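Accompanying notes for the structure given below.
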Amino acid sequence: AQSVTQPDIHITVSEGASLELRCNYSYGATPYLFWYVQSPGQGLQLLLKYFSGDTLVQGIKGFEAEFKRSQSSFNLRKPSVHWSDAAEYFCAVALTGGFKTIFGAGTRLFVKA
Amino acid sequence: DTAVSQTPKYLVTQMGNDKSIKCEQNLGHDTMYWYKQDSKKFLKIMFSYNNKELIINETVPNRFSPKSPDKAHLNLHINSLELGDSAVYFCASSHGDTRTDTQYFGPGTRLTVL
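From first to last, the protein sequence lines stand for chains A and B.
With my numbering applied, the first sequence closes on residue 1044, and no number is skipped along the way.
With my numbering applied, the second sequence closes on residue 126, and no number is skipped along the way.
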């Protein structure tokens, strides 16, 4: 069955430190992968997506993610975290057929001064 | 201009009542969705509509009935509300195929059933 796993329920990093959020997927076909961010009380906003080509993709707000097929992973990274990055982050995979997306359980990012 | 809007933002009601949540997008998209986010932030798709036609119905109880009067609107009507329906409901839209087209989410409607 298709699934998305985000192993870390929450992560705390210091402002200015680097960040990596983990995501593993289980999907038999070509994965179409996404990272979304949800600020408190807000809807989700797309950070970046991958479906082909260069396995390192750049997104908005200085985020990047790397697709590793051998590890079934799509980890999100940022070299230097800002306090405004504190939010919930969701990894997702879009399924064949084009109208269904499965989301991971989310990772809550806390940023300390 | 808000791309995807939902009303109301908060909805508090008693068990057994019937309520509706409205969603509108002004992006000219052909596809709209309803998601449910539970108290643990788990986000699950409920329905997908493409050109006003139901494409995905994720084994949602038939107390939930989506209605798409036109491509810009997708409303969610819920009959006989239960405690377990308490959640945040998000509407979203995309141009078409979610594998390549960005989904835009509304701000959510927090439903509390007492």
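Ideal placement from N, C-alpha and C gives every residue a C-beta, glycine not left out.
The structure presented is a predicted model; accordingly, all values stated were derived computationally and were not measured.
- Can you tell which of Leu964(A), Ala960(A), Gly974(A) and Ile991(A) has its C-alpha closest to the C-alpha of Arg111(B)? Leu964(A)
- Could you have a look at Gln1002(A) and say whether DSSP puts it in helix, strand or coil? helix
- Task: Could you name the residues that DSSP lists as bridge partners for Lys980(A)?
- Result: Phe965(A)
- Query: Candidates Asp109(B), Ser98(B), Lys79(B) and Lys64(B): which alpha carbon is nearest Thr121(B)'s?
  - Reply: Ser98(B)
- Message: Per the DSSP calculation, Leu123(B) is bridged to which residue(s)?
- Response: Leu23(B) and Ala99(B)
- Taking DSSP as the reference, what is the three-state secondary structure of Asp1016(A)? helix
- What are the partner residues of Gln49(B), as DSSP defines its beta bridges? Leu55(B) and Val100(B)
- Distance, Leu123(B) Cα to Thr1038(A) Cα: 23 Å
- Task: Measure the C-alpha to C-alpha separation of Tyr1020(A) and Lys53(B) and round it to an integer number of angstroms.
- Result: 10 Å
- Task: Note down the Cα distance separating Asn38(B) from His107(B), rounded to an integer number of angstroms.
- Result: 11 Å
- Query: Relative to chain B, which residues along the segment 1026 to 1044 of chain A have a C-beta separation below 7 Å, given in chain order?
  - Reply: Gly1029, Phe1030, Lys1031, Thr1032, Phe1034, Ala1036 and Gly1037
- Message: Check whether chain B comes within 8 Å of Gln973(A), counting only Cβ atoms and requiring the distance to be less than that.
- Response: yes
- Message: Just to confirm my understanding: we take Asn69(B), look at its own chain, exclude 5 residues before and 5 after, and list those with CB closer than 7 Å. What are they?
- Response: Phe59
- Beta-carbon proximity check, Leu978(A) vs Gly990(A), cutoff 8 Å: yes
- Query: Is any beta-carbon of chain A found at less than 8 Å from that of Phe76(B)?
  - Reply: no
- Along chain A, in chain order, which residues have C-beta atoms closer than 7 Å to that of Lys64(B)? None at all; the shortest Cβ gap to chain A is about 13 Å.
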